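Peer 1: Have a look at this one.
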Amino acid sequence: AQTVTQSQPEMSVQEAETVTLSCTYDTSESDYYLFWYKQPPSRQMILVIRQEAYKQQNATENRFSVNFQKAAKSFSLKISDSQLGDAAMYFCAVNTPLVFGKGTRLSVIA
Amino acid sequence: DTGVSQNPRHKITKRGQNVTFRCDPISEHNRLYWYRQTLGQGPEFLTYFQNEAQLEKSRLLSDRFSAERPKGSFSTLEIQRTEQGDSAMYLCASRDRENTGELFFGEGSRLTVL
């Protein structure tokens, strides 16, 4: 069985600062994908960033980057230059069908 | 708009009634997924279709739940004899044949069972 653990139910960050959201996972698959999804209040889930497990290079999408540690089964999300629009629930997920963690609620303080 | 569409967006029903939700995926996507999300939790996988074939069902999908995708396009999720514990957001997502695993989600159908 696949599991995803997000140990931070809530996080907050000052606008323009950097924040890191943690995620650990477990899977028996040898080849898999990892994802971070964002769910704004009352809005649909959207993909933030994706990492292919066979790639050693950490994925980056503008202000969002990951720290992927395959041996440790760790997949953290770093948000740089945080903006008010980044406030949302963030879910870490592995594989397909995706297995999600319980999420981290991120607040951005102006 | 060519995104994933779900209807109805909200449904309030009395315990014991049947409800049906519809999902229209992105037109070129052959895979369709249903998830359930309760307050404060991440989405939980229910079932998935490739074209019209239902390929996987979660143990969460009790015999009161049935999903169909008759022509490989839209899908329906029916819940019979609803219980208060069925109250949740039901999310539909689709993906294309590329093996990237990215799912595109609809806005969800919120069910409240009184």
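Protein chains in written order, with our numbering: chain A, 4 to 113; chain B, 2 to 115.
Every residue, glycine too, gets a C-beta built ideally from N, C-alpha and C.
Every value quoted in this text rests on a predicted model; they were computed, and no experiment measured them.
Which partner residues does D25 of chain B have in the DSSP bridge list?
Peer 2: The residue you call residue 25 of chain B lines up with position 24 of the second sequence. DSSP lists B:S6 as partners of D25 of chain B.
Peer 1: Report the three-state DSSP secondary structure of D29 of chain A (helix, strand or coil).
Peer 2: Locating residue 29 of chain A in the first sequence gives position 26, counting from the first residue. If DSSP states are grouped into helix, strand and coil, D29 of chain A belongs with the strands.
Peer 1: Just to confirm my understanding: we take I27 of chain B, look at its own chain, exclude 5 residues before and 5 after, and list those with CB closer than 7 Å. What are they?
Peer 2: Walking along the second sequence from the start, residue 27 of chain B turns up at place 26. Contacts found: T3, G4, V5, S95, F105.
Peer 1: In chain A, which residues lie with their C-beta within 8 Å of the C-beta of Q42 of chain B?
Peer 2: On the second sequence, position 41 is the one that residue 42 of chain B refers to. Result: K105, G106.
Peer 1: Measuring CA to CA, which of A:S83, A:L24, A:Y57 is closest to N65 of chain A?
Peer 2: If you number the first sequence from 1, residue 65 of chain A lands on position 62. Closest by alpha carbon: A:S83.
Peer 1: Please name the residues in the stretch 44 to 56 of chain B whose beta-carbon is closer than 7 Å to at least one beta-carbon of chain A, in chain order.
Peer 2: Those would be P44, F46, Y49, in chain order.
Peer 1: First and last residue of the beta strand (DSSP E) that includes N70 of chain A?
Peer 2: The sequence position of residue 70 of chain A within the first sequence is 67, counting from 1. First-last of the beta strand (DSSP E) with N70 of chain A: 67 to 72.
Peer 1: Compute the Euclidean distance between the alpha carbons of P44 of chain A and N52 of chain B, then round it to the nearest angstrom.
Peer 2: Residue mapping note: residue 44 of chain A aligns to position 41 of the first sequence, counting from 1. Residue mapping note: residue 52 of chain B aligns to position 51 of the second sequence, counting from 1. Whole-angstrom Cα-Cα distance: 31 Å.
Peer 1: For E69 of chain B, decide whether its Cβ has a neighbour in chain A, counting only Cβ atoms nearer than 7 Å.
Peer 2: Position 68 of the second sequence holds residue 69 of chain B. Output row for E69 of chain B: interface = no.
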